[in-house]
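Report on the following structure.
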Amino acid sequence: MITHEQLRVLDAVVGEGTFRAAAEKLHKTQPAVSHMIKQLETAAGVTLLSRDGYRPVLTPEGRAFHRQACIVLSQMRELRNLADRLAARQEPEVALSVSATCPMAPVLAVVGAVGRAYPQTHIKLATDVLGGAADRLMRGEADIIVAPDNSAPLDEVESIPFLELDIIPVARPGYGPETDAGPIENAAMRAFVQVVVAGTGRGAYDQTRDVLPDGLRWTVTDFAAKKEILLAGMGWGGMPEHMIRAELESGTLVRLDLAGYPVRHSRLMIMRRRDRRGGLVGQALWQALAGEDRVPEKT
70 MITHEQLRVL DAVVGEGTFR AAAEKLHKTQ PAVSHMIKQL ETAAGVTLLS RDGYRPVLTP
130 EGRAFHRQAC IVLSQMRELR NLADRLAARQ EPEVALSVSA TCPMAPVLAV VGAVGRAYPQ
190 THIKLATDVL GGAADRLMRG EADIIVAPDN SAPLDEVESI PFLELDIIPV ARPGYGPETD
250 AGPIENAAMR AFVQVVVAGT GRGAYDQTRD VLPDGLRWTV TDFAAKKEIL LAGMGWGGMP
310 EHMIRAELES GTLVRLDLAG YPVRHSRLMI MRRRDRRGGL VGQALWQALA GEDRVPEKT
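Structure, rendered in structure tokens:
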């Protein structure tokens with residue numbers, strides 16, 4: 070008998086390219102993945118994967134089988150989501166992770182409205198840096214995240230634009246090399262400390278952004294500490310514009326014109342896993358963050 074789990078394993082091997090990578094994605098051992106593929110081939114009565122080369126490759130029969138398997142997997146996801154909606158109830162907890170670069174006011178407005186509508190549900194709100202939010206989502210520790218685009222595997226999540234912001238390199242006036250005109254080259258910044266915020270995940274979804282190579286570097290745990298160091302004239306670094314708007318206007322922080330670190334335009338997305346769309350409250354939170362005004366006044 071062919072099982073849903075066997076089809077998931079086949080799709081993971083095809084998508085990841087190796088048994089080992091598929092095992093890591095599915096949180097299984099490599100022998101378990103190989104065994105399930107053999108069971109599937111026995112049940113199907115055909116060889117689905119050729120093992121002659123360095124990587125397993127679909128046989129002609131395997132390609133036809135995999136196409137149909139993808140349709141079945143998609144239908145199973147839809148069936149599971151339908152079952153969740155039909156059995157919708159107020160969950161005891163919904164976990165939301167928000168990128169530390171995101172302005173909190175629009176998020177808190179939504180969380181507050183959903184919290185008032187569903188007071189029996191605990192909304193667990195966390196802030197994460199770099200790949201931390203995606204890491205929580207893919208490990209099942211967050212139901213919804215607000216994170217930069219391309220943070221999580223696009224084939225495993227659905228996403229909706231939330232807002233856009235600028236990350237601006239700044240320092241206290243007088244900190245950095247003297248320059249007459251034009252962008253400051255990377256080499257001129259090596260003697261000056263770049264302050265960076267450490268990622269909060271396990272590293273699987275981290276992306277190195279805006280870090281100058283071969284320079285002095287201090288690492289902190291949050292943007293509040295980073296801002297204090299910048300204001301003290303002890304380093305430079307990128308900050309979300311909304312966090313330093315007052316300091317830029319007063320002149321206590323100034324923009325740096327860096328060749329290796331231009332102003333970065335960041336797009337934040339609302340994301341959730343395709344295979345875990347949540348219950349009643351999770352759906353209400355998703356729709357409210359997406360701008361769909363469907364949060365009831367009270368229940």
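Each residue of the sequence shown is one higher than the last, beginning at 70 in this note's numbering. We put the beta carbon where it would ideally sit given N, CA and C, even for glycine. Since this is a predicted model, take the numbers as computed values, not measurements.
**Item:** Backbone CA spacing between LEU349 and GLN263 [nearest angstrom]
**Value:** One-based indexing of the sequence shown puts residue 349 at position 280. One-based indexing of the sequence shown puts residue 263 at position 194. Rounded to whole angstroms, LEU349 to GLN263 spans 44 Å at the Cα level.
**Asked** What residue range is occupied by the uninterrupted alpha helix (DSSP H) comprising LEU194?
**Response** Within the sequence shown, numbered from 1, the residue matching residue 194 stands at position 125. It is not in any alpha helix (DSSP H) - LEU194 instead sits in the beta strand (DSSP E) that spans 191 to 197.
**Message:** Bridge partners for LEU232 per DSSP, in chain order?
**Reply:** One-based indexing of the sequence shown puts residue 232 at position 163. Looking at the DSSP output, LEU232 shares a beta bridge with LEU337.
**Asked** Can you give, in chain order, each stretch of the alpha helix (DSSP H) that sits fully within the region 89 to 120 and has at least 4 residues?
**Response** 99 to 113
**Message:** Please state the DSSP three-state secondary structure of GLY84.
**Reply:** Along the sequence shown, one-based indexing puts residue 84 at 15. Three-state DSSP puts GLY84 in a helix.
**Asked** Between the Cα of LEU76 and the Cα atoms of GLY131, ARG124 and ARG89, which residue gives the shortest distance?
**Response** For this step, residue 76 is matched to residue 7 along the sequence shown. Measuring from the Cα of LEU76, the nearest candidate turns out to be GLY131.
**Request:** Starting from the Cα of ALA260, find the closest Cα among TYR244, GLY268 and ARG271 and give me that residue.
**Result:** Residue 260 sits at position 191 when you count from the first residue of the sequence shown. If we check each option's Cα against that of ALA260, TYR244 comes out closest.
**Item:** Under 7 Å between C-beta atoms of ILE236 and SER166
**Value:** To locate residue 236, count along the sequence shown from 1; it is residue 167. To locate residue 166, count along the sequence shown from 1; it is residue 97. No, these two residues do not count as a Cβ contact at 7 Å.
**Request:** Count the other C-beta atoms from every protein chain shown that fall within 10 angstroms of the C-beta of VAL141, then say buried if there are 16 or more, exposed otherwise.
**Result:** Counting from 1 along the sequence shown, the entry for residue 141 is found at position 72. Exposed.
**Request:** Select from ALA293, LYS107, GLY114 and ALA113 the residue whose C-alpha is nearest the C-alpha of ARG120.
**Result:** Residue mapping note: residue 120 aligns to position 51 of the sequence shown, counting from 1. Minimum Cα distance to ARG120 is reached at LYS107.
**Prompt:** Can you tell me whether DSSP reads ILE313 as helix, strand or coil?
**Reply:** Along the sequence shown, one-based indexing puts residue 313 at 244. Note: ILE313 maps to coil in three-state DSSP.
**Item:** Environment of GLY351 [buried if 16+ CB atoms lie within 10 Å]
**Value:** Here residue 351 refers to the residue found at position 282 of the sequence shown. GLY351 is buried by the Cβ-count criterion.
**Item:** Spatially closest choice to MET303 from LYS193, GLU310, ALA357 and PRO242, by CA coordinates
**Value:** By 1-based counting over the sequence shown, the position of residue 303 is 234. Per the Cα distances, PRO242.
**Prompt:** For the region 196 to 206 against the region 161 to 178, are there 3 or more C-beta pairs whose distance is under 8 Å?
**Reply:** yes
**Request:** Give me whichever residues DSSP pairs with GLN263 in a beta bridge.
**Result:** Numbered from 1 along the sequence shown, position 194 holds the residue referred to as residue 263. DSSP, once it has assigned bridges, lists ARG286 and TRP305 as partnering GLN263.
**Item:** Buried or exposed by the 16-neighbour rule on C-beta atoms within 10 Å, applied to VAL364
**Value:** Looking up residue 364 in the sequence shown gives position 295. Low confidence applies to VAL364: its pLDDT is 46, below 50, so where it sits in the model is not reliable, and the reading given next is rough at best. Buried, because 16 or more other Cβ atoms sit within 10 Å of the Cβ of VAL364.
**Asked** Between the beta-carbon of THR87 and the beta-carbon of ARG124, is there less than 7 Å?
**Response** Reading the sequence shown from its first residue, position 18 is the one you call residue 87. Reading the sequence shown from its first residue, position 55 is the one you call residue 124. In contact: THR87 and ARG124 (Cβ atoms closer than 7 Å).
**Under the three-state DSSP convention, the category PRO396 falls into** = Any property of residue 396 remains undetermined from this structure, which presents the chain solely from 70 to 368.
**Asked** What residues in its chain sit with their C-beta under 8 Å from that of ILE253, if we drop five residues either side in the sequence?
**Response** As a working note, residue 253 is residue 184 in the sequence shown. Around ILE253: GLY245, PRO246, LEU325, ASP326, LEU327 and ALA328.
**Message:** According to DSSP, simplified to helix, strand and coil, what is GLU162?
**Reply:** Along the sequence shown, one-based indexing puts residue 162 at 93. Correct three-state label for GLU162: strand.
**Item:** GLY209, buried or exposed, once every other Cβ within 10 Å from all chains shown has been counted against 16
**Value:** To locate residue 209, count along the sequence shown from 1; it is residue 140. GLY209 sits exposed, since fewer than 16 C-beta atoms from the chains shown fall within 10 Å of its C-beta.
**Item:** Rounded straight-line distance, which links the Cα of VAL198 to that of HIS334
**Value:** Against the sequence shown, residue 334 aligns to sequence position 265. Against the sequence shown, residue 198 aligns to sequence position 129. Looking at the backbone, the Cα of HIS334 and that of VAL198 are separated by about 16 Å.
**Request:** Just mark GLY306 as buried or exposed, buried being the case when its beta carbon has 16 or more other beta carbons within 10 Å.
**Result:** Stepping through the sequence shown from its first residue, residue 306 is reached at position 237. Buried is the call here.
**Asked** Helix or strand or just coil, what does DSSP make of ALA240?
**Response** Counted from its first residue, the sequence shown places residue 240 at position 171. ALA240 falls in the strand class under three-state DSSP.
**Message:** Can you give me the C-alpha to C-alpha distance between LEU322 and LEU118, rounded to a whole angstrom?
**Reply:** Walking along the sequence shown from the start, residue 322 turns up at place 253. Walking along the sequence shown from the start, residue 118 turns up at place 49. Their backbone Cα atoms lie some 59 Å apart in a straight line.
**Item:** Spatial distance of ASP283 from ALA174 (CA atoms)
**Value:** Against the sequence shown, residue 283 aligns to sequence position 214. Against the sequence shown, residue 174 aligns to sequence position 105. If I take the Cα positions, the gap works out to 37 Å.
**Message:** Given this structure, state the Cα-to-Cα distance separating VAL180 from TRP355, to the nearest angstrom.
**Reply:** Residue numbering aside, residue 180 sits at position 111 when the sequence shown is read from its first letter. Residue numbering aside, residue 355 sits at position 286 when the sequence shown is read from its first letter. Separation of VAL180 and TRP355 (C-alpha to C-alpha, rounded to the nearest whole angstrom) is 10 Å.
**Request:** Keeping to the same chain, check which residues put their C-beta closer than 6 Å to that of LEU285; ignore five residues upstream and five downstream.
**Result:** Here residue 285 corresponds to residue number 216 of the sequence shown, with the count starting at 1. Once the five neighbours on either side are set aside, the close Cβ partners of LEU285 are VAL262.
**Message:** Whole angstroms are fine: how far does the CA of ILE339 sit from the CA of LEU127?
**Reply:** Translated into positions along the sequence shown, residue 127 becomes position 58. Translated into positions along the sequence shown, residue 339 becomes position 270. Between LEU127 and ILE339, the C-alpha separation is close to 35 Å.
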